[in-house]
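> To start, I am sharing the structure in question, which I have written as structure tokens.
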Amino acid sequence: MLAWVAAQTERIVHPPQAYAAPAAPGAPRGAGDAGAQRKARTGARTTPRTRKARLRVAKADPWSVMKVSFLLSIALGVCTIVAASVLWMVMDAMGVFSTVGGTISEATGSNESNGFDLQSFLSLPRVLIFTSVIAVIDVVLATALATLGAFIYNLSAGFVGGVELTLAEDE
1 MLAWVAAQTE RIVHPPQAYA APAAPGAPRG AGDAGAQRKA RTGARTTPRT
51 RKARLRVAKA DPWSVMKVSF LLSIALGVCT IVAASVLWMV MDAMGVFSTV
101 GGTISEATGS NESNGFDLQS FLSLPRVLIF TSVIAVIDVV LATALATLGA
151 FIYNLSAGFV GGVELTLAED E
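For what it's worth, the numbering used here labels the leading residue of the sequence shown as 1, then goes sequentially.
Following this line, the structure appears as structure tokens:
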């Protein structure tokens, strides 16, 4: 058994070494062979080379454009609703509606009527319903326009070849 292990260890192939083994255990690499040390090139570049590729966008898939624009317009609609509600709450906390509403009711009122009530007209539920309707219309229009834009781009890219891009790799 011991002879078999010795025979197997002699058969192990070691990969070629770029530098010679050190002469002593504490010696630096390549100290055993002076010719094996790497010499610095004087004309070597100091900046890394950047690879560049020129690509052409020949076609935009209308189905993928529709899906992406639909998701982005839903996100924009949600942001619009949240922004309108936060803005309404801040303006209500500052007393803008009561101050402006009092001025408008004084200007439009007479002795027998109180005038126009701005606070009931611009209540939070009414503002959120109006904002939601605008957001739904925006989702439908943005999705339709982006899909139509993809069709128009495909037609024009057939004539002129599309948009050319140059991509560069950072190192």
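We put the CB at the ideal spot given by N, CA and C, even for glycine.
(1) Smallest Cα separation from residue 143: which of 64, 52, 59 and 169?
(2) Once DSSP output is grouped into helix, strand and coil, what is the label at residue 207?
(3) Going by CA-CA distance only, name the one from 78, 145 and 86 that's closest to residue 62.
(4) Answer yes or no: do residue 56 and residue 169 have a C-beta to C-beta separation smaller than 7 Å?
(5) Within the chosen definition, does the segment 74–83 reach the segment 97–104 through at least 3 CB pairs nearer than 8 Å?
(6) If you drop the 5 nearest sequence neighbours on each side, which residues of the same chain put their C-beta closer than 7 Å to that of residue 153?
(7) Just to confirm my understanding: we take residue 149, look at its own chain, exclude 5 residues before and 5 after, and list those with CB closer than 6 Å. What are they?
(8) Identify which residue in 87, 162 and 155 has its Cα closest to the Cα of residue 122.
(9) Keeping to the same chain, check which residues put their C-beta closer than 7 Å to that of residue 162; ignore five residues upstream and five downstream.
(10) With 16 other CB atoms within 10 Å as the buried threshold, where does residue 166 fall?
(11) Hey, is residue 97's beta-carbon within less than 7 Å of any beta-carbon in chain D?
(12) Nearest to residue 126 by CA position, among 136, 50, 85 and 155, is which residue?
(13) With residue 53 as the anchor, note down where its beta strand (DSSP E) starts and where it stops.
(14) Report yes if the CB atom of residue 74 is closer than 7 Å to the CB atom of residue 140, and no otherwise.
(15) According to DSSP, simplified to helix, strand and coil, what is residue 161?
(16) Identify the continuous alpha helix (DSSP H) that holds residue 69 and give its terminal residues.
(17) Please determine, among 147, 53 and 52, the residue with the shortest C-alpha to C-alpha distance to residue 71.
From the atom records:
(1) 64
(2) The question about residue 207 has no answer here: the residues shown for the chain are numbered 1 through 171.
(3) 145
(4) no
(5) no
(6) 60
(7) none
(8) 87
(9) 56, 57 and 58
(10) exposed
(11) Considering every chain present, this structure includes no chain D. It has just one protein chain.
(12) 85
(13) 52–57
(14) no
(15) coil
(16) 62–94
(17) 147
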